[in-house]
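Working notes, structure below.
Numbering (the numbering used here), first residue to last: 2 to 212.
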């Protein structure tokens, strides 16, 4: 570390393997290189969509259920932080209001808290309420919901942090906040219509990126 390179995209790949080893549903990412808007060769990660549109699945962020917290108690400069208490107090009522029963609400809350523990272990620095989502779908004529697979974890394991940041973190970690450097990694999603079509798309995409 200590140079201009950003290792966040590798963190995405490591976070995927970390989640898989623990049996946590997670999006699959591949490392790709492509030509950016300035005509330069750069690197990023590409994932397949975590929802099946053909089955009518819909992805909804945690924010879409609980909205914004008026006062998170952290003070000025921490407007993008949502307290855990607010989430746990607000989410159940929002789920009930959307027609989900006790069993589904209970499972969502349990799965969410397990996910947050895993994110703590990964030192997730960008775990805002748009990076946690749920999948809504219909099964046997009944509206259902589940926690979406783990995704968007490039700000984990401190791999997007430079040497100066790590020194500051060690010296005074309480209340420390660092904006994630997104200059290099690019994250996109593709929807596979079939395995063959998905392979064709990836080959065409990567071929163009290498031109």
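Think of the CB as a built atom: it goes at the ideal place given N, C-alpha and C, for glycine as much as any other residue.
Nearest CA to the CA of residue i: which residue from the options?
i, options, result
"residue 124", "116, 150, 103, 158", "158"
"residue 109", "66, 55, 82", "66"
"residue 56", "136, 72, 114", "136"
"residue 107", "15, 90, 160", "90"
"residue 99", "40, 163, 138", "138"
"residue 86", "61, 62, 113", "113"
"residue 130", "118, 142, 84", "84"
"residue 82", "119, 63, 14", "63"
Give every residue of the same chain whose Cβ lies closer than 6 Å to the Cβ of residue i, excluding the five residues on either side of it in the sequence, and list them in chain order.
i, result
"residue 151", "20, 25, 27"
Please classify residue i: does DSSP put it in a helix, a strand, or coil?
i, result
"residue 11", "helix"
"residue 62", "strand"
"residue 83", "coil"
"residue 107", "helix"
"residue 56", "helix"
Taking the C-alpha atoms as reference points, what is the distance between residue i and residue j?
i, j, result
"residue 133", "residue 168", "29 Å"
"residue 88", "residue 40", "43 Å"
"residue 59", "residue 68", "18 Å"
"residue 8", "residue 45", "10 Å"
"residue 111", "residue 50", "24 Å"
What does a CB cutoff of less than 7 Å around residue i pick up in its chain, not counting 5 residues either side in sequence?
i, result
"residue 213", "This structure gives no information on residue 213, because the portion of the chain shown stretches from 2 to 212."
"residue 71", "none"
"residue 149", "51, 60, 134, 135, 136"
**Report entry** Whole alpha helix (DSSP H) elements within the region 115-175, 4-residue minimum
**Finding:** 164-172
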